[in-house]
Amino acid sequence: MFPDGAASYIEKLGQFIPITGGTLRTALDMGCGVASFGGSMLKEGILTLSFAPRDSHKAQIQFVLERGIPAFVLMLGTRRLPFPAFAFDLIHCSRCLIPFTAYNATYFVEVDRLLRPGGYLVISGPPVQWPKQDKEWTDLQAVARALCYELIAVDGNTAIWKKPDGDSCLPNQNEFGLELCDGSNDPSNAWYFKLKKCVTKTSSVNGEYAIGTIPKWPDRLTIAPSRALVMKNGIDLFEADTRRWARRVAYYKNTLNVKLGTPAIRNVMDMNAFFGGFAAALKSDPVWVMNV
Numbered sequence: 001m002f003p004d005g006a007a008s009y010i011e012k013l014g015q016f017i018p019i020t021g022g023t024l025r026t027a028l029d030m031g032c033g034v035a036s037f038g039g040s041m042l043k044e045g046i047l048t049l050s051f052a053p054r055d056s057h058k059a060q061i062q063f064v065l066e067r068g069i070p071a072f073v074l075m076l077g078t079r080r081l082p083f084p085a086f087a088f089d090l091i092h093c094s095r096c097l098i099p100f101t102a103y104n105a106t107y108f109v110e111v112d113r114l115l116r117p118g119g120y121l122v123i124s125g126p127p128v129q130w131p132k133q134d135k136e137w138t139d140l141q142a143v144a145r146a147l148c149y150e151l152i153a154v155d156g157n158t159a160i161w162k163k164p165d166g167d168s169c170l171p172n173q174n175e176f177g178l179e180l181c182d183g184s185n186d187p188s189n190a191w192y193f194k195l196k197k198c199v200t201k202t203s204s205v206n207g208e209y210a211i212g213t214i215p216k217w218p219d220r221l222t223i224a225p226s227r228a229l230v231m232k233n234g235i236d237l238f239e240a241d242t243r244r245w246a247r248r249v250a251y252y253k254n255t256l257n258v259k260l261g262t263p264a265i266r267n268v269m270d271m272n273a274f275f276g277g278f279a280a281a282l283k284s285d286p287v288w289v290m291n292v
């Protein structure tokens, strides 16, 4: 969906979204193809996690990983995507063909769960002003309005919304029957957890998560997030973990001669990430880390 190239497409998005300046750091690209979007976003300091289903193009994720871009095989089906609530600053779909309004807008509700308050949703291609998809485009706008998303721009076949910053707006009367989740719902419970048809309240997760209230990148990397407050002595543990991994990575490089920081290593997986201190210690190196 980039007839003029991904770089030109991102430059156009930058007219409506703060691509530069550190406001945005984490992005999710749904139905990524060969991840040209994610690759180009790296140049802007935005780390994009790209996913696509295992289908007739199942080799595309292998190709993406060989390009050195974060990606894995995944699809929106009957379960939540395996990420906690409010994990991404930007969610992007370019011809991903996800029926966001199907099943009472369940897929849009899942996107809403993952998107940080004040974050941006970009959908390019069908059904945005697409021939013979007028109803689908109308329904997509309707569900976004029901959740009080602000339509920032419609440029050709690209639509950009901004999620509201807080709980000031509740799902209003709508054809999708959307309601707020009750207190028993944990929006960060996502491992083999069935999709919910209710909308997650921002206040259901302790802490500050909205764009504009969290530190910009790269300050965000070393300042303890609000989620750390859930743990006993979480701030102290976070800071100690950051210092510990800075020492360990220096040891890996200088004593063990692990080729971190060189073109020899690009894709890294941390199998016991905890706070992500190992990945944080590699911030200046040409690598990306999949934290598990």
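For the sequence shown, full-length UniProt numbering gives the first residue as 1, with consecutive numbering after it.
Idealized CB from N, CA, C, for every residue including glycine.
| query | result |
| --- | --- |
| Could you tell me if R80 is buried or exposed, where buried requires 16 or more neighbouring beta carbons within 10 angstroms of its beta carbon? | buried |
| Could you give the DSSP three-state label for R116: helix, strand or coil? | strand |
| What are the boundary residues of the beta strand (DSSP E) that includes D165? | No beta strand (DSSP E) contains D165, which DSSP labels as neither H nor E. |
| Please determine, among S203, P164 and F238, the residue with the shortest C-alpha to C-alpha distance to I211. | P164 |
| Three-state secondary structure (DSSP) at V34? | coil |
| Specify the secondary structure class of K43 as computed by DSSP and reduced to three states. | coil |
| Taking CB distances under 8 Å as the criterion, tell me whether V154 reaches chain D. | No chain D appears in the structure shown, which is made up of a single protein chain. |
| Are the CB atoms of G31 and I98 nearer to each other than 8 Å? | yes |
| Among residues of its own chain, excluding the 5 on either side of residue 371, which ones have a beta-carbon nearer than 6 Å to its beta-carbon? | Beyond the ends of the chain as shown, which are 1 and 292, falls residue 371; an answer cannot be given. |
| Please check the pair W161 and L151, which I expect to be a contact at CB under 8 Å, by giving their CB distance rounded to whole angstroms. | 6 Å |
| Looking only at its own chain, which residues have a Cβ that is under 7 Å from the Cβ of F83, when we skip the five neighbours before and after it? | L114 and A190 |
| Going by the CB atoms, is the gap between K283 and G22 shorter than 8 Å? | no |
| Closer than 8 Å by C-beta to V73: which residues in its own chain qualify, once you throw out the five before and the five after it? Chain order, please. | F51, A52, P53, R54, K58 and I61 |
| Helix, strand or coil: which one does DSSP assign to W217? | coil |
| Mind checking which residues open and close the beta strand (DSSP E) that includes I91? | F88 to S94 |
| From the DSSP output, read off the bridge partner residues of L140. | Answer is none; L140 lacks a bridge partner. |
| Could you please give me the residues that DSSP links to W288 through a beta bridge? | N267 |
| Report yes if the CB atom of N174 is closer than 8 Å to the CB atom of A146, and no otherwise. | yes |
| What residues in its chain sit with their C-beta under 6 Å from that of V289, if we drop five residues either side in the sequence? | V268, D270 and A279 |
| So A87 and T26 are supposed to be a Cβ contact under 8 Å. How far apart are they, rounded? | 7 Å |
| Could you check the C-alpha separation between F63 and N233 for me, to the nearest Å? | 42 Å |
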